[in-house]
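Chains as they are written, first to last, in my numbering: chain A, 4 to 232; chain B, 4 to 232.
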DNA sequence: ATAGAAAAAGTCAGAATGACTCTAAGTAGT
DNA sequence: ACTACTTAGAGTCATTCTGACTTTTTCTAT
């Protein structure tokens, strides 16, 4: 093994970035997966869109760093945050950067209400997750990977309600699943699944103002211990 | 946001470590999960056992770094290697270290044959995964986390055969599952499961020299595309 | 030959799943 | 006030999946 007494400039820079997902209504009034991106204001990839992120602050934990950068750049405070993967290929800057950067990437979910409060500016914009432009670094692959994780995780865990506000109807919850998975679900079977897993409970209220039978309102059951896993 | 023009000594050190699993026969002749650890030869935690690992080499990818460190310290060349998690709490050295270390941890599986070829010395030893001493840093928690991942992943993917040699009987494969999951499985149901998922194929050979009906030998079917996921 | 042991195939009941039907309870239009 | 329309919500049914179990086969050891 080689000596490691060389100057610490040899150590790759550590960055923390986050893939944020929200469901936003598209032209058809359907919910669609969207992700906010920020425009790079310096080389390399200046002017191109990239994941929000930044260098790891020395006195911050990884997840804390992700939250803070998110708040600073997009003003978003996600309701769900989980580590996705550490990306550290030697060539991930595509030869455009002298120093090496290892990115620890998180993924996050925000509710529709929260998503509207995000900064929208020249340099921060929402994009549909399945119609992204060419992004800086390897960020296209990273978002693709995060999408896979989200689609997989929604099937076996109870994170779907994070996209909604505190109370919601089963039809709204089903809409979340349909938007994420990209296919329609049978309303009856969906109801049976949700009720059998005990992820929601009735509030006793119903949603008024619809032009049909008023649906019951539910809330997510409080999670005991580390069940989100 | 604070200025980032400070010297790069502010950047945390990046280390890559690996949790290695193998199945080794214990006193009863049963297979049991074991993991090799190395003794630390410098502060902090000098003399205590720790995961094999080391600083990230600037010109190596993360997984490559994991393999190389493994080969150098334990002489093992795992047949399966996957990123586990990036651990980077500010206090993970327990106040015993001035500089901050972020560890990108991999987990690996080695076959029983390969495991025997590992270095066994004063400073490198196999431990039963469920009877570990107190390790350096947060390595006890890391191994616990890796164990959970292994147990989870063996249920939905086809990694079990990696613990065995190229050809094996269904009884041997079942033994792997039983050792990892820590419970007995019904032989008939196990056979049905394995055959229905098409993860193995007959070699045409049978294992001779048993004191009963000779079982068929199987090999793992070759995996097409990224199916291990 | 016979006993013992595990391999390999088969059985069966209950749970989970997907496709589907039927009834309830609202609104909107006339 | 009645009717048409729409979705909520309950229920049905056939198929598949799962776990527990039984039976038959085929080898070695004595």
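All C-beta atoms in this analysis are idealised placements derived from N, C-alpha and C, irrespective of residue type, glycine included. Since the model is a prediction, treat every value here as computed from it, not as a measurement.
Original post:
If you draw a straight line from the alpha carbon of residue 164(A) to that of residue 174(B), how long is it in whole angstroms?
Top reply: Position 161 of the first chain, counting from 1, holds the residue named residue 164(A). Position 171 of the second chain, counting from 1, holds the residue named residue 174(B). Roughly 43 angstroms separates the two Cα atoms.
Original post:
For residue 93(A) and chain B, any beta-carbon pair shorter than 8 angstroms?
Top reply: As a position in the first chain, residue 93(A) is number 90, starting the count at 1. So yes, residue 93(A) belongs to the interface.
**OP:** Please say whether residue 110(B) and residue 37(B) have beta carbons closer to each other than 8 angstroms?
**Re:** Taking the first residue of the second chain as 1, we reach residue 37(B) at position 34. Taking the first residue of the second chain as 1, we reach residue 110(B) at position 107. No. Outside cutoff.
Original post:
Tell me, which residues are paired with residue 56(B) by DSSP?
Top reply: Your numbering for residue 56(B) matches position 53 in the second chain. For residue 56(B), which the question treats as bridged, DSSP gives the partners 20(B).
Subject >> Same chain, Cβ closer than 7 angstroms to residue 124(A), neighbours up to 5 away in sequence not counted >> reply: Locating residue 124(A) in the first chain gives position 121, counting from the first residue. Cβ within range, chain order: n/a, list empty.
Subject >> Minimum Cβ-Cβ distance from residue 147(A) to chain B less than 8 angstroms >> reply: Counting from one through the first chain, the residue named residue 147(A) turns up at place 144. Not closer than 8 angstroms to any Cβ of chain B, the Cβ of residue 147(A) fails to qualify, so no.
Original post:
When you compare only the Cα positions, how much space is there between residue 223(B) and residue 186(A)?
Top reply: Counting from one through the second chain, the residue named residue 223(B) turns up at place 220. Counting from one through the first chain, the residue named residue 186(A) turns up at place 183. So the alpha carbons of these two residues sit roughly 33 angstroms apart.
Subject >> Proximal residues to residue 77(A) (C-beta, below 6 angstroms), its chain only, five neighbours per side dropped >> reply: Residue 77(A) sits at position 74 when you count from the first residue of the first chain. Closer than 6 angstroms at Cβ, skipping near neighbours: 39, 55, 121, 122 and 127.
**OP:** Would you tell me roughly how many angstroms separate the C-alpha atoms of residue 169(B) and residue 210(B), rounded to the nearest one?
**Re:** In the second chain, residue 169(B) corresponds to position 166, counting from 1. In the second chain, residue 210(B) corresponds to position 207, counting from 1. Their Cα atoms are separated by approximately 13 angstroms.
Original post:
Whose C-beta lies closer than 7 angstroms to the C-beta of residue 96(A) among residues of the same chain, with five residues either side of it excluded?
Top reply: In the first chain, the residue the question calls residue 96(A) occupies position 93. For residue 96(A), where only same-chain residues beyond five positions count, the Cβ hits under 7 angstroms are 47, 104 and 140.
Original post:
Which residues in the same chain have their Cβ closer than 6 angstroms to the Cβ of residue 161(A), if we skip the five residues on either side of it in sequence?
Top reply: The sequence position of residue 161(A) within the first chain is 158, counting from 1. Only 202 meet the Cβ criterion.
**OP:** Go through its chain and collect everything with a Cβ distance to residue 88(A)'s Cβ below 6 angstroms, but skip five positions before and after it.
**Re:** Against the first chain, residue 88(A) aligns to sequence position 85. Excluding residues within five positions, the ones whose Cβ falls inside 6 angstroms are 108.
Subject >> C-alpha gap between residue 68(A) and residue 59(A), whole angstroms >> reply: On the first chain, residue 68(A) is found 65 positions in, with the first residue counted as 1. On the first chain, residue 59(A) is found 56 positions in, with the first residue counted as 1. Going by the C-alpha atoms only, they are around 6 angstroms apart.
Original post:
In chain order, what residues of the same chain have a beta carbon less than 8 angstroms from the beta carbon of residue 172(A), not counting five sequence neighbours either side?
Top reply: Walking along the first chain from the start, residue 172(A) turns up at place 169. Cβ neighbours of residue 172(A) beyond the five flanking positions: 210, 218, 219, 220 and 221.
Subject >> Selected residue, minimal CA-CA separation from residue 183(B), among 18(B), 25(B) and 101(B) >> reply: As a position in the second chain, residue 183(B) is number 180, starting the count at 1. Out of 18(B), 25(B) and 101(B), 25(B) has the C-alpha closest to the C-alpha of residue 183(B).
Subject >> Contiguous beta strand (DSSP E) assignments of at least 3 residues, all confined to the stretch 77-154 of chain A >> reply: 83-90, 104-112 and 127-131
**OP:** Thinking residue 16(B) and residue 14(A) are a contact (beta carbons under 8 angstroms), I'd like their distance in whole angstroms, please.
**Re:** The residue you call residue 16(B) lines up with position 13 of the second chain. The residue you call residue 14(A) lines up with position 11 of the first chain. So it is a contact: roughly 6 angstroms between Cβ atoms.
**OP:** Put residue 167(B) into one of helix, strand or coil per three-state DSSP.
**Re:** For this step, residue 167(B) is matched to residue 164 along the second chain. Coil, per DSSP.
Original post:
Mind checking whether residue 90(B) and residue 106(B) have CB atoms under 8 angstroms apart?
Top reply: For the purposes of this step, residue 90(B) is taken as the residue at position 87 of the second chain. For the purposes of this step, residue 106(B) is taken as the residue at position 103 of the second chain. Contact: yes.
**OP:** Pick out whichever of 23(B), 65(B), 133(B) and 82(B) has its Cα sitting closest to the Cα of residue 29(B).
**Re:** Reading the second chain from its first residue, position 26 is the one you call residue 29(B). With distances taken between Cα atoms, residue 29(B) lies closest to 133(B).
**OP:** Would you identify the three-state DSSP class for residue 200(A), choosing helix, strand or coil?
**Re:** Numbered from 1 along the first chain, position 197 holds the residue referred to as residue 200(A). Helix, per DSSP.
Subject >> Minimum C-alpha distance to residue 63(A) - residue among 92(B), 72(B), 80(B) and 45(B) >> reply: The residue you call residue 63(A) lines up with position 60 of the first chain. It is 92(B).
**OP:** Label residue 74(A) either buried or exposed according to how many other C-beta atoms from any shown protein chain fall within 10 Å of its C-beta, with 16 as the threshold for buried.
**Re:** What you label residue 74(A) is simply residue 71 of the first chain in a count that begins at 1. Per the 10 Å Cβ criterion, exposed.
**OP:** Could you spell out where the beta strand (DSSP E) holding residue 223(B) opens and where it closes?
**Re:** For the purposes of this step, residue 223(B) is taken as the residue at position 220 of the second chain. 219-223 is the extent of the beta strand (DSSP E) around residue 223(B).
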